[in-house]
Structure formats: C-alpha cells, structure tokens
Amino acid sequence: MTGKELDRSVHQQLRTLSKENAEGVAQHLVMAAALLDVEDFEGAEAHAETAVRRAGRVPAAREALGLVAYRKGEWARALSEFRTARRLSGSSHMLPLMVDCERGLGRPERALELATSPEARTLATEDRVELAIVISGIRRDLGQPDAARQALEIPQLRGSGRKPWSARLAYAYAETLLGLGLDDEARDWFSRAAAADDELETDASERLAELDGVVLTDLLDGDDDGDDDDNGADRAGHRRDDDRDASDGRARDHG
49 MTGKELDRSV HQQLRTLSKE NAEGVAQHLV MAAALLDVED FEGAEAHAET AVRRAGRVPA
109 AREALGLVAY RKGEWARALS EFRTARRLSG SSHMLPLMVD CERGLGRPER ALELATSPEA
169 RTLATEDRVE LAIVISGIRR DLGQPDAARQ ALEIPQLRGS GRKPWSARLA YAYAETLLGL
229 GLDDEARDWF SRAAAADDEL ETDASERLAE LDGVVLTDLL DGDDDGDDDD NGADRAGHRR
289 DDDRDASDGR ARDHG
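Per the numbering used here, residue 49 is the first one in the sequence shown, and the count goes up by one each step.
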C-alpha cells in the first residue's frame, strides 16, 4: 500500500504537510482503513493514532481515529474525534455517526436535537439516508415504533434502481415493521434488502429464513437444548443493534 489509494479529497488535505510526512500519513490512513475492514481494531487504531500524531490538524486523520473508536463502541472518543474533524474541515458528513454516538452514550434527546440541526439539512443524499436509519433506531429505543417507521418513510425508500443505501434502508424498515407486528410486510422488505445486499452488509437472508420458519443450525454445535434460551437472548440483542449495524456498514464505507 503506497497511500495513493486514498481519495483525491484526502490528498488535498495532506498537501499542508511536507512531502515525506504526507506520504507516510497517507500510508497509515490506508492501513487503518484496511485493518478496520477486517475488524483488526487494535491494528487500525495504532495506524490511526500515528496518523493523528503526525497530522493532527488533517481532518481525515481525526476522522480515521474516530471511525476506529466508533467501531469499538467507544462513543465518547469517537464523538470527540468527529467533532474535531468537523471543526477542521467545515464538513458535517459524519453527522449520522455523531448522532449515533450520542445515542450510544445514552443521550437520545441530545441525539435527536443534533439530528434536526441546520447541518443535517446540508447532508448529501446518502448521508441523509443514514441519518434517517439512526433516527429510526433512536425512536425504537424510546418505545416509539410508529415514529421509527415514519423516520424511514423518505423518498429514497421506494426509489427506483439499486443505490448504495438500498440494502441498509430496506433492512431497517423491515425491522421497524416487525416491531409493529406487521410480519408479512416485514418479510417483503427483508426480501428487498437481501436482493440488494451484494456486499453482505446485513443478515437479511437469515432474517428472511427465520420468518419463513427455516431453522438454521450449526452441525458442529450439536443439539444441546440448554442453549435455547441463551441463543434467543443473543438474537434479541442482535436485533436491538440492527439499525446500528446499518450505520456501521456506512462507517466502513467512510473508512
């Protein structure tokens, strides 16, 4: 990895550094993103921290460290880095993840306030979609299933053609419908999510099979009936995090 793999916009940011330092920081940013993709969080963190030490006023470096913290569930640290990146760049494209950090910190009202800030209206379409997914999750956390559904009923939900957000948005909507007891409609949207999920960002196919009554088993696990309750709890916990997983897919894209 040479560092040339970075987007042109990041190379523009690195022009404030010396040539040698810019090349080194670029390589660390590429490595941080690559290791984040394979969930080597410690390795990614080491590269991101080095990038910040060498280029602390480069927005991409702070953003990279924020993404690592976000993937690790270190909400306060992630939020701090995203705020710094926003201050340095003037861009609010990380707003959906900032809102999700507030949610992770147990501050839903503050999260919703940030989600409706003037900056939210400046977001690109894909970022607005991700923000809608996070808002829906917050509403579900607050026990407001109808509001959760409404948050996702945006033009992009029924737009034509496959878009980068299609699978995640359909999945989040299916999960919301399921929470409302609309199993048939939920099945339809899980099916749409699975069809659009070329990158396997969601477990839509598994959820679809579950709704159809197909039992997926791991033959190596045996038939220990005592594990049933634990497995059910695991599935429930996973579902609570489904909307966060949708945003997490977007976080990988940012990386």
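Positions of the beta carbon are idealized from the N, C-alpha and C atoms, including for glycine.
Asked: Exposure label - alanine 74; buried when at least 16 CB within 10 Å; Found: buried
Asked: Presumed contact (8 Å Cβ cut-off) between proline 212 and glutamate 174, rounded CB distance; Found: 6 Å
Asked: Leucine 162 beta carbon less than 8 Å from that of methionine 146; Found: yes
Asked: Buried or exposed by the 16-neighbour rule on C-beta atoms within 10 Å, applied to valine 182; Found: buried
Asked: Check whether proline 25 and glutamate 178 have beta carbons under 8 Å apart; Found: With the chain running from 49 to 303 in the structure shown, residue 25 is simply not present.
Asked: Beta carbon of arginine 119 nearer than 8 Å to that of leucine 84; Found: yes
Asked: Buried or exposed by the 16-neighbour rule on C-beta atoms within 10 Å, applied to leucine 127; Found: buried
Asked: For serine 137 and serine 57, the rounded distance between their alpha carbons; Found: 11 Å
Asked: Glutamate 93 versus arginine 102: straight-line alpha-carbon distance, rounded; Found: 14 Å
Asked: Rounded separation between alanine 99 and alanine 196 - CA only; Found: 38 Å
Asked: Contact set for glycine 167: own chain, Cβ-Cβ below 8 Å, skip 5 residues either direction; Found: Reading off the sequence shown, one finds glutamate at residue 167, where the question assumed glycine. Same-chain partners within the cutoff: Ser140, Leu143.
Asked: Straight-line gap, alanine 218 to tryptophan 237 (C-alpha atoms, nearest Å); Found: 6 Å
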